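Q:
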Amino acid sequence: MVAAGAASAALPGVLGAQQANTGTANVPMNEQKYKPVQLPAKSSTPSMSTAELDELEHHIHCMCGCNLDVFTCRTTDFTCSVSPAMHRDVIALVNGGHSAQEIIDAFVDVYGERVLMEPRKSGFNLTGYITPFAALGGGAALIVALLRRWKRPEGEPAAVQALPVEGTPEEMERLKELLHRDDR
Amino acid sequence: MILLGELSLWVALLMAAWAATAGFAGAYTHRGELIASAQRALYAMCGFVVLAAIGIWTALLKSDFSLAFVASYTSANLPAIYKFTAFWGGQAGSLLFWVLILSIYSAIAVFTGRRSNHALMPWVVPTLAVIALFFTLTIVFGANPYERLGWIPADGRGMNPQLQNPGMAFHPPNLYLGYIATSIPFAYAIAALITRRLDNEWLTSVRRWVLVSWFFNTVGIVAGMWWAYVELGWGGYWAWDPVENASFLPWLVNTAFLHSIMVQEKRGMLRKWNVTLVVSAFLLSILGTFITRSGVISSVHAFAQSSVGYWFLGFLLLSIGAAAWLVTTRLDDLRTQAELESMVSREASFLFNNLLLVGIAFSVLWGTLFPILSEAVTKTKITVGPPFFNQVNVPLGLALLALTGIGPLIAWRRASVANLKRQFTGPVVIGLVTGMLLVALGMRDVYAVIAYTLAGFVLGTIAQEFYKGTRARHRMYDENYAMAFLRLVGRNRRRYGGYIVHVGVVVLFAAFAGLAFKEEFDVTLKGGEKYQAADPYGNEWSFTSQGVSAYEQLNRQTTAVLLEARRNGKPAGVIRTEKRQYVDSNGNPTFQPSTEVGILSGLRQDVYVVLAGVTGEDTAELRVTFNPLVWWVWYGGMIMAVGGLIVMWPQAERRKKQAGYEAVLEPATVGAGGPAES
Chain A
269 MVAAGAASAA LPGVLGAQQA NTGTANVPMN EQKYKPVQLP AKSSTPSMST
319 AELDELEHHI HCMCGCNLDV FTCRTTDFTC SVSPAMHRDV IALVNGGHSA
369 QEIIDAFVDV YGERVLMEPR KSGFNLTGYI TPFAALGGGA ALIVALLRRW
419 KRPEGEPAAV QALPVEGTPE EMERLKELLH RDDR
Chain B
18 MILLGELSLW VALLMAAWAA TAGFAGAYTH RGELIASAQR ALYAMCGFVV
68 LAAIGIWTAL LKSDFSLAFV ASYTSANLPA IYKFTAFWGG QAGSLLFWVL
118 ILSIYSAIAV FTGRRSNHAL MPWVVPTLAV IALFFTLTIV FGANPYERLG
168 WIPADGRGMN PQLQNPGMAF HPPNLYLGYI ATSIPFAYAI AALITRRLDN
218 EWLTSVRRWV LVSWFFNTVG IVAGMWWAYV ELGWGGYWAW DPVENASFLP
268 WLVNTAFLHS IMVQEKRGML RKWNVTLVVS AFLLSILGTF ITRSGVISSV
318 HAFAQSSVGY WFLGFLLLSI GAAAWLVTTR LDDLRTQAEL ESMVSREASF
368 LFNNLLLVGI AFSVLWGTLF PILSEAVTKT KITVGPPFFN QVNVPLGLAL
418 LALTGIGPLI AWRRASVANL KRQFTGPVVI GLVTGMLLVA LGMRDVYAVI
468 AYTLAGFVLG TIAQEFYKGT RARHRMYDEN YAMAFLRLVG RNRRRYGGYI
518 VHVGVVVLFA AFAGLAFKEE FDVTLKGGEK YQAADPYGNE WSFTSQGVSA
568 YEQLNRQTTA VLLEARRNGK PAGVIRTEKR QYVDSNGNPT FQPSTEVGIL
618 SGLRQDVYVV LAGVTGEDTA ELRVTFNPLV WWVWYGGMIM AVGGLIVMWP
668 QAERRKKQAG YEAVLEPATV GAGGPAES
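Protein sequence lines, in the order shown, are assigned to chains A and B. Residue numbering for the first sequence follows this note's numbering, starting at 269 and increasing by one per position. Residue numbering for the second sequence follows this note's numbering, starting at 18 and increasing by one per position.
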């Protein structure tokens with residue numbers, strides 16, 4: 269990681285605290301977070317193509333402290349040493365014949381669930397996926413119920429709120445005539 | 018000027034405190050002199066905040082490094098434009114910028130509404146003053162841009178390179194203008210709730226401000242997408258980052274309000290709902306500010322962590338409490354005689370439109386906060402990234418796109434079968450033909466096919482509306498078609514401006530769907546080597562490296578790679594991508610190296626090249642991406658902004674009359690036995 273520079277280092281702590289040293293993803297980097305992910309090889313044949321490997325890396329979160337996946341981070345931020353290291357682990361696992369699911373599981377075993385770009389659809393995290401749709405379904409049911417309650421029965425004339433109309437008899441007569449003319 | 022600015026900030030604080038105190042006391046006791054004094058204090062606060070802001074701008078442009086803020090975010094060799102924009106580049110300055118906009122908005126709102134909203138204004142003023150007081154207190158005691166260092170460094174730390182982009186001049190100010198404009202409708206809502214004057218009058222004043230908020234929020238979000246795309250180098254424009262999400266939430270709620278207000282205007286329904294939306298938009302703006310400034314959620318955009326975020330949490334909770342108490346104690350006043358003639362009506366479709374918009378807002382908020390919730394329950398940290406948001410929001414977005422077309426075609430009150438058939442036949446055929454054509458051409462991505470089918474349908478509905486309106490004018494007024502079209506839009510700005518916004522939405526969705534066909538390649542090239550790849554349209558591309566070069570520029574050291582691009586064997590242009598190491602005025606490096614993406618732009622796709630690294634002397638590690646239809650995102654945003662401007666543009670009274678039917682009752686002379694002479 270490139271140092272923030274002598275000038276900034278010379279400034280007192282108050283400045284350093286206000287503008288954190290950042291990487292491409294603009295969040296503080298912590299390169300100590302890399303942990304090797306290794307499994308004994310199952311075969312000598314790679315389990316997937318390069319394109320599939322790239323796709324798999326889109327589902328693995330780079331642990332340098334950025335918000336990017338491994339593929340995007342390693343191909344964007346050349347100051348990050350975590351994503352290339354994680355990439356090397358993925359390649360080794362692919363070359364060892366491990367499937368995408370086995371590789372994902374191996375990363376979760378080492379880093380925990382936060383290494384996934386999205387939570388697993390199991391346990392409490394399933395509520396993360398269900399709740400928005402459940403809320404929407406509940407909202408839709410509520411709207412249908414409201415519409416039914418508001419709906420006037422067929423054939424019943426519309427309830428017109430009586431508003432006080434002030435006018436001379438002549439004005440009222442003219443109003444009637446105008447409204448009548450509109451009907452024709 | 019700097020000292021004057023510093024003093025002005027303190028005086029502005031006192032003015033805000035007085036405007037709040039005298040305002041509430043005056044409104045409660047109906048004492049006119051206190052109400053007037055509060056209004057004058059609000060104007061005075063605006064003047065002093067402007068002086069405080071000028072003081073900071075002066076310090077930034079003069080590089081007065083005795084101020085910690087100036088030394089933290091600028092350096093002597095920073096270009097002047099970025100010294101100017103540094104005002105909102107850091108925590109303390111951005112808070113002052115917030116108050117600056119809020120006080121200007123408040124002064125405009127009070128000045129323009131002092132007569133038309135005579136009954137509400139006594140409560141609007143102190144509500145705005147309380148918001149301003151909170152921000153001014155936060156600045157003075159929590160993050161003061163006038164804080165002194167006690168010594169003067171030779172140079173400042175400089176500005177984060179990613180902020181040294183023209184986007185810095187557009188994205189944050191527009192977003193702030195959008196965020197902060199929600200304060201005015203909120204103040205009106207609070208005033209209407211306190212006074213129990215919850216008829217349609219307060220909404221008329223509020224609608225214009227919600228449009229202001231919506232317009233700037235739209236421009237700010239799209240400008241931010243462009244900035245992220247050209248600057249960050251990860252190849253996209255939206256990453257569902259918590260702070261991006263925070264900016265999206267008020268936009269969604271404002272959009273819902275701009276539709277549901279029509280139901281209240283036309284049918285007198287949805288009073289409770291509309292008050293809730295107006296209040297929610299403001300609260301979500303404050304929530305977004307809390308997320309950005311507390312560091313509670315990891316984000317690309319977050320300011321450095323500080324306790325200021327918790328000031329916002331306190332203010333947010335206080336605001337939620339006050340608004341909830343006011344709404345629940347006024348439920349009787351908000352009750353309306355709702356009556357619906359048919360389930361198939363415009364008002365029913367707007368209810369579903371609101372459900373989807375608020376549903377998307379909920380799912381975005383839910384996904385943003387879910388990592389905290391999950392950790393609290395399972396004691397395990399998780400990441401909620403783009404795959405989650407896309408799974409949840411893409412179906413909802415498509416349903417919303419469908420309603421964008423369906424809503425305007427259904428009549429108010431009741432739609433007959435004949436009416437539905439007449440309105441829907443053409444657009445449905447256009448949509449289906451579009452979809453079938455794309456499938457026949459080989460498109461297999463289900464979401465993309467649905468998106469383009471719906472896009473065809475919605476464009477069909479809009480074209481039909483414009484065609485019918487233009488033809489009607491042509492027949493009625495004997496205008497030529499161009500004139501009829503212009504007058505149709507000009508004299509029904511709200512309706513046809515809204516349709517133009519819908520065109521922008523369709524263009525955006527079409528562009529988003531293009532991402533389904535994005536292709537990425539991981540490439541290593543020595544000088545003179547060539548890489549070949551096919552784009553999503555089947556064109557064969559070759560990229561030949563012209564080598565790696567390193568040189569010094571204005572305030573940076575640059576490492577660049579040039580690629581000669583050819584499409585189907587023909588020259589397509591030269592792409593240059595860079596890594597920049599910014600340096601201070603002594604030539605010492607500041608920050609980490611940053612990326613300058615090379616983009617070969619076109620209407621059909623962008624070729625997006627990022628220099629990921631250099632190995633040896635002349636070997637470049639590159640990512641080459643074919644990004645289809647990206648330009649249409651910016652065009653879609655521009656169309657939406659133009660539509661928004663048309664809707665916002667004041668309609669002259671004379672033209673309003675020409676826009677619709679109007680029966681004029683001439684005054685009758687009592688006892689004359691006939692109509693009076695006109």
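No residue lacks a Cβ here, since even glycine has one placed at the ideal position from N, Cα and C. Quick caveat, the model's predicted, so the values are computed rather than measured.
Could you check whether phenylalanine 274 (chain B) and phenylalanine 203 (chain B) sit closer than 8 Å to each other, using their CB atoms as the reference points?
A: Here the question's residue 203 (chain B) lines up with position 186 in the second sequence. Here the question's residue 274 (chain B) lines up with position 257 in the second sequence. Result no, Cβ atoms of phenylalanine 203 (chain B) and phenylalanine 274 (chain B) do not sit closer than 8 Å.
Q: Please classify asparagine 289 (chain A): does DSSP put it in a helix, a strand, or coil?
A: To locate residue 289 (chain A), count along the first sequence from 1; it is residue 21. Caution applies to asparagine 289 (chain A), whose pLDDT of 34 falls short of 50 and renders its modelled position unreliable; the value that the coordinates give is listed next. In the structure shown, asparagine 289 (chain A) sits in coil (DSSP, three-state: anything other than H, G, I, E or B).
Q: How should glutamine 357 (chain A) be labelled, buried or exposed, when 16 other C-beta atoms within 10 angstroms of its C-beta is the threshold for buried?
A: For the purposes of this step, residue 357 (chain A) is taken as residue 89 along the first sequence, with counting starting at 1. A small fix is needed here, since residue 357 (chain A) is aspartate in this sequence, not glutamine. It is buried - the Cβ of aspartate 357 (chain A) has at least 16 other Cβ atoms within 10 Å.
Q: The beta strand (DSSP E) with glutamate 537 (chain B) in it runs from where to where?
A: Working through the second sequence from its first residue, we reach residue 537 (chain B) at position 520. Residues 536 to 543.
Q: Report the residue ranges of all alpha helix (DSSP H) runs contained in full by the segment 35 to 93 of chain B; include only those spanning at least 4 residues, in chain order.
A: Qualifying alpha helix (DSSP H) stretches, in chain order: 49 to 78 and 85 to 90.
Q: Mind listing the chain A neighbours of valine 627 (chain B)? Cutoff is C-beta to C-beta under 7 Å, in chain order.
A: In the second sequence, residue 627 (chain B) corresponds to position 610, counting from 1. Within 7 Å Cβ-Cβ: Thr343 and Thr344.
Q: Look at the alpha carbon of asparagine 393 (chain A) and the alpha carbon of threonine 343 (chain A), and state the distance between them as a whole number of angstroms.
A: Translated into positions along the first sequence, residue 393 (chain A) becomes position 125. Translated into positions along the first sequence, residue 343 (chain A) becomes position 75. Between asparagine 393 (chain A) and threonine 343 (chain A), the C-alpha separation is close to 30 Å.
Q: Alpha carbon to alpha carbon, how far is histidine 276 (chain B) from serine 380 (chain B)? Give it in angstroms, no decimals.
A: Here residue 380 (chain B) refers to the residue found at position 363 when the second sequence is read from its first residue. Here residue 276 (chain B) refers to the residue found at position 259 when the second sequence is read from its first residue. Cα-Cα distance, rounded: 20 Å.
Q: If distances are taken between C-alpha atoms only, which option among A:Ala319, A:Met316, A:Lys310 and A:Ser351 comes closest to cysteine 330 (chain A)?
A: The sequence position of residue 330 (chain A) within the first sequence is 62, counting from 1. Comparing Cα positions, the closest option is A:Ser351.
Q: Mapping DSSP to helix, strand and coil, what is tyrosine 568 (chain B)?
A: Taking the first residue of the second sequence as 1, we reach residue 568 (chain B) at position 551. Three-state DSSP puts tyrosine 568 (chain B) in a strand.
Q: Express the C-alpha separation of alanine 160 (chain B) and glycine 284 (chain A) in angstroms, rounding to a whole number.
A: Counted from its first residue, the first sequence places residue 284 (chain A) at position 16. Counted from its first residue, the second sequence places residue 160 (chain B) at position 143. For glycine 284 (chain A), the pLDDT reaches just 35, beneath the cut-off of 50, and the residue's location in the model is therefore unreliable, although a value from the coordinates is still provided. So the alpha carbons of these two residues sit roughly 15 Å apart.
Q: Measure how close the beta-carbons of glycine 184 (chain B) and tryptophan 115 (chain B) come, nearest whole angstrom, since I'm counting them as under 8 Å.
A: In the second sequence, the residue the question calls residue 184 (chain B) occupies position 167. In the second sequence, the residue the question calls residue 115 (chain B) occupies position 98. Not a contact, Cβ separation roughly 19 Å.
Q: Given a cut-off of 8 Å on the beta-carbon distance, is the pair valine 565 (chain B) and valine 631 (chain B) in contact?
A: Residue mapping note: residue 565 (chain B) aligns to position 548 of the second sequence, counting from 1. Residue mapping note: residue 631 (chain B) aligns to position 614 of the second sequence, counting from 1. Yes, these two residues count as a Cβ contact at 8 Å.
Q: Answer with yes or no whether the minimum CB distance from methionine 354 (chain A) to chain B is below 8 Å.
A: Stepping through the first sequence from its first residue, residue 354 (chain A) is reached at position 86. Chain B contact via Cβ: absent.
Q: Assign glutamine 549 (chain B) to one of two classes, buried (16 or more other C-beta atoms within 10 Å of its C-beta) or exposed (fewer than that).
A: Residue 549 (chain B) sits at position 532 when you count from the first residue of the second sequence. So glutamine 549 (chain B) ends up on the exposed side.
Q: What's the call for glutamate 445 (chain A), buried or exposed, on a 16-neighbour Cβ count within 10 Å?
A: Position 177 of the first sequence, counted from the start, is the residue given in the question as residue 445 (chain A). With fewer than 16 Cβ atoms within 10 Å of its Cβ, glutamate 445 (chain A) is classed as exposed.
Q: Could you spell out where the alpha helix (DSSP H) holding lysine 100 (chain B) opens and where it closes?
A: Here residue 100 (chain B) is taken as the residue at index 83 of the second sequence, counted from 1. That run of the alpha helix (DSSP H) goes 97 to 102.
Q: What is the DSSP secondary structure of serine 562 (chain B), reduced to helix, strand or coil?
A: To locate residue 562 (chain B), count along the second sequence from 1; it is residue 545. Correct three-state label for serine 562 (chain B): strand.
Q: Let's see if you can read the secondary structure: which residues bound the beta strand (DSSP E) around aspartate 623 (chain B)?
A: On the second sequence, residue 623 (chain B) is found 606 positions in, with the first residue counted as 1. Residues 622 to 632.
Q: If you measure between the beta carbons of alanine 256 (chain B) and proline 143 (chain B), is that distance less than 8 Å?
A: For the purposes of this step, residue 256 (chain B) is taken as the residue at position 239 of the second sequence. For the purposes of this step, residue 143 (chain B) is taken as the residue at position 126 of the second sequence. Result no, Cβ atoms of alanine 256 (chain B) and proline 143 (chain B) do not sit closer than 8 Å.
Q: Hey, serine 315 (chain A) and glycine 365 (chain A): beta-carbon distance below 8 Å or not?
A: Taking the first residue of the first sequence as 1, we reach residue 315 (chain A) at position 47. Taking the first residue of the first sequence as 1, we reach residue 365 (chain A) at position 97. Yes, these two residues count as a Cβ contact at 8 Å.
Q: From what residue to what residue does the alpha helix (DSSP H) around leucine 348 (chain B) run?
A: Indexing the second sequence from 1 puts residue 348 (chain B) at position 331. That run of the alpha helix (DSSP H) goes 348 to 351.
Q: Looking only at its own chain, which residues have a Cβ that is under 8 Å from the Cβ of tyrosine 696 (chain B), when we skip the five neighbours before and after it?
A: Lying before the first or after the last residue shown, residue 696 (chain B) is absent from chain B, which here runs from 18 to 695.
Q: Select from B:Val325, B:Ser302, B:Leu301 and B:Ile303 the residue whose C-alpha is nearest the C-alpha of serine 311 (chain B).
A: Mapped onto the second sequence, residue 311 (chain B) falls at position 294. Comparing Cα-Cα distances from serine 311 (chain B) to each of B:Val325, B:Ser302, B:Leu301 and B:Ile303, the minimum goes to B:Val325.
Q: Starting from the C-beta of arginine 131 (chain B), find all residues in its chain whose C-beta is less than 8 Å away, skip the five residues before and the five after it, and write them out in chain order.
A: Residue 131 (chain B) sits at position 114 when you count from the first residue of the second sequence. These residues qualify, in order along the chain: Gln56 and Met138.
Q: On the three-pair Cβ rule with 8 Å, is the segment 65 to 76 of chain B touching the segment 23 to 43 of chain B?
A: Touching, per the Cβ criterion.
Q: Where do the N-terminal and C-terminal ends of the alpha helix (DSSP H) with arginine 417 (chain A) fall, by residue?
A: Looking up residue 417 (chain A) in the first sequence gives position 149. Start and end: 394 to 418.
Q: From this set, B:Gln598, B:Gln570, B:Pro606 and B:Ser562, which residue's C-alpha is nearest valine 591 (chain B)'s C-alpha?
A: For the purposes of this step, residue 591 (chain B) is taken as residue 574 along the second sequence, with counting starting at 1. Cα-wise, what sits closest to valine 591 (chain B) is B:Ser562.
Q: Compute the distance between the beta-carbons of glycine 448 (chain B) and leucine 413 (chain B), then report whether it is under 8 Å.
A: As a working note, residue 448 (chain B) is residue 431 in the second sequence. As a working note, residue 413 (chain B) is residue 396 in the second sequence. Contact flag unset, no.
Q: Any idea what DSSP makes of valine 361 (chain B), helix, strand or coil?
A: Taking the second sequence and counting its residues from 1, one reaches residue 361 (chain B) at position 344. In this structure, valine 361 (chain B) counts as coil in the three-state DSSP scheme.
Q: Sorted by chain position, which residues of the same chain lie with C-beta nearer than 6 Å to methionine 354 (chain A)'s C-beta, five sequence neighbours on each side aside?
A: For the purposes of this step, residue 354 (chain A) is identified with residue 86 of the first sequence, where counting begins at 1. So the qualifying residues of the chain are Val338.
Q: Going by DSSP, which residues form a beta bridge with lysine 574 (chain B)?
A: The residue labelled residue 574 (chain B) in the question sits at position 557 within the second sequence. One point to set straight first is that residue 574 (chain B) is glutamine, not lysine, in the sequence displayed. DSSP output for glutamine 574 (chain B) lists B:Glu569 and B:Gln598 as bridge partner(s).
Q: Tell me which residues share the same chain as glycine 452 (chain B) and place their Cβ nearer than 8 Å to its Cβ, disregarding the 5 neighbours each side in the sequence.
A: Here residue 452 (chain B) is taken as the residue at index 435 of the second sequence, counted from 1. Only Val466, Ile467, Tyr469, Thr470 and Gly473 meet the Cβ criterion.
Q: Any idea which residues DSSP pairs proline 588 (chain B) with across the strands?
A: Reading the second sequence from its first residue, position 571 is the one you call residue 588 (chain B). Looking at the DSSP assignment, proline 588 (chain B) forms a beta bridge with B:Arg583.
Q: What separation, rounded to the nearest whole angstrom, lies between the Cα atoms of arginine 512 (chain B) and alanine 93 (chain B)?
A: Against the second sequence, residue 512 (chain B) aligns to sequence position 495. Against the second sequence, residue 93 (chain B) aligns to sequence position 76. So the two alpha carbons sit approximately 51 Å from each other.
Q: Give me, in chain order, the residues of the same chain whose beta-carbon lies closer than 8 Å to that of glycine 619 (chain B); leave out the 5 immediate sequence neighbours on both sides.
A: Residue 619 (chain B) sits at position 602 when you count from the first residue of the second sequence. Cβ within range, chain order: Trp648.
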